[in-house]
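For the sequence shown, the numbering used here begins at 1047 and goes up steadily by one. Glycine residues also receive a C-beta, built at the ideal position from the N, C-alpha and C atoms.
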Amino acid sequence: MAKQLLSILSLVLIPTLSAQAQTSQLTVRLRATLTGHAKTIERIAFSPDGKLVATSSEDHIVRLWDPYTGELKAILSGEDKAKWEQERWYYNWPYIQGHEFPDVFVGPLKQALDNGARREAISPDKSLLITTRTKDADAFLKHEFMELWDLATGERKLTFAEIPYGISDVHWSPDGKSIIVEGSGRTKTRLMDTLTGRITATLPYETCTSDSWFGDNECAVFMFNSDGSVFTKEKHLLKLWSTKTGQLLTELESARPPMRFSPTDKELLVTRSKDKKTALVWEIRHSP
């Protein structure tokens, strides 16, 4: 067992130390190794209070762990596993919440939606909504607008600048200060400031295409840590980015999707390892 753990640590820590050397803004260390599944881990999910992390595997078992100590707290199968799934420990719950829209709209927002504006994403505190709409600039040119609305009053707060045509998805940071906007075709993804409407950074991710559903994880959603200071896109190679600057902070060569940030601890990240049957708990410390 000791040799097996040492082997796993050697795979994980060496690339991590290399990543630390690339930037003084982020340090990453392995906090715990979660072993026990007989087959590939398919899903990782935190409990809403962040006190437990679940790993669900092709072996039809869900294991619940203490993410700080790596202690196995429970093994779920059958009816217990079904109950766990019903309790909405969704792996992409923040994304689902961002696309749960109210039934009633008011003011200019209602008029914009009646005239064809698309609802894109709602802010984490449910107070703001982003919409997109397309206007013909002339007979041959179309221009897309992205707008920010106050849901309580229906008033427009902001029209975003520098928006490419063909917006395919929008992701909010937990603090509501930033959004990630994915374009269409080969348009690069934008990190944007919701206060100014300006682009913070252009990211090297293209939108989901018909051939990207097979193996490269381009269609995975963006995810933020709990305070919104760091974000990533769930794919290999796993990269951690600064939300404030759009700077690449580090790459985790030993990490594999799926992965999840803790909903309550900004320094906690759980990923799958190279062997696919093991989960890795990382401690990330970001100095803005």
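Counting along the chain, D1105 sits inside no beta strand (DSSP E), nor does DSSP assign it H or E at all. By the criterion of at least three beta-carbon pairs nearer than 8 Å, the stretch 1110-1117 is not in contact with the stretch 1147-1155. The beta strand (DSSP E) runs lying completely inside the stretch 1122-1185 and spanning 3 residues or more are 1164-1168 and 1174-1182, given in chain order. Note: L1315 is bridge-paired with F1307 and W1328 in the DSSP secondary-structure output. The Cβ atoms of I1090 and A1325 sit closer than 8 Å to each other.
Following the DSSP letters along the chain, one finds T1115 in no beta strand (DSSP E), marked with neither H nor E. For L1237, the enclosing beta strand (DSSP E) starts and ends at K1234 to D1239. Contact between the stretch 1295-1307 and the stretch 1234-1247 is absent: fewer than three C-beta pairs spanning the two stretches fall below 8 Å. Secondary structure at P1220: coil, using DSSP grouped into helix, strand and coil.
Under DSSP, S1288 forms a beta bridge with V1276. The Cβ-Cβ distance between E1104 and K1085 falls below 8 Å. Taking C-beta atoms as the reference points, A1100 and W1139 fail to come closer than 8 Å. Shown here, V1074 sits in a strand according to DSSP, grouped into three states. Rounded to whole angstroms, A1247 and G1292 show a C-alpha spacing of 5 Å. Annotation: H1332 to E1125 spans about 40 Å, alpha carbon to alpha carbon. D1160 and G1153 have their C-alpha atoms spaced approximately 11 Å apart. Here H1282 has N1263, A1301, R1302 and P1303 as same chain residues with Cβ atoms under 8 Å from its own Cβ, once five neighbours each way along the sequence are excluded.
R1089 is bridged by DSSP to S1102. For K1181, the number of other beta carbons within 10 angstroms of its own is below 16, and it is reported as exposed. For F1268 against I1226, the beta-carbon gap comes to about 5 Å, under 8 Å, which counts as contact. Contact check for F1206 against G1243 passes: the beta carbons are separated by less than 8 Å. When the alpha-carbon of T1178 is set against those of E1252, S1319, G1229 and R1318, the nearest one is in G1229.
Counting along the chain, the unbroken beta strand (DSSP E) around E1297 starts and ends at L1294 to L1298.
For the 8 Å CB-CB criterion, S1123 and H1106 form a contact.
Taking a C-beta distance under 8 Å as the contact criterion, R1318 and I1121 do not qualify as a contact pair. Distance from the Cα of D1095 is smallest, within the candidate group S1308, S1224, L1315 and E1193, for S1308.
DSSP places L1283 in no beta strand (DSSP E); its state is neither H nor E. In the three-state reduction of the DSSP assignment, F1270 falls in the strand class. Bounds of the beta strand (DSSP E) holding T1248 are I1245 to E1252.
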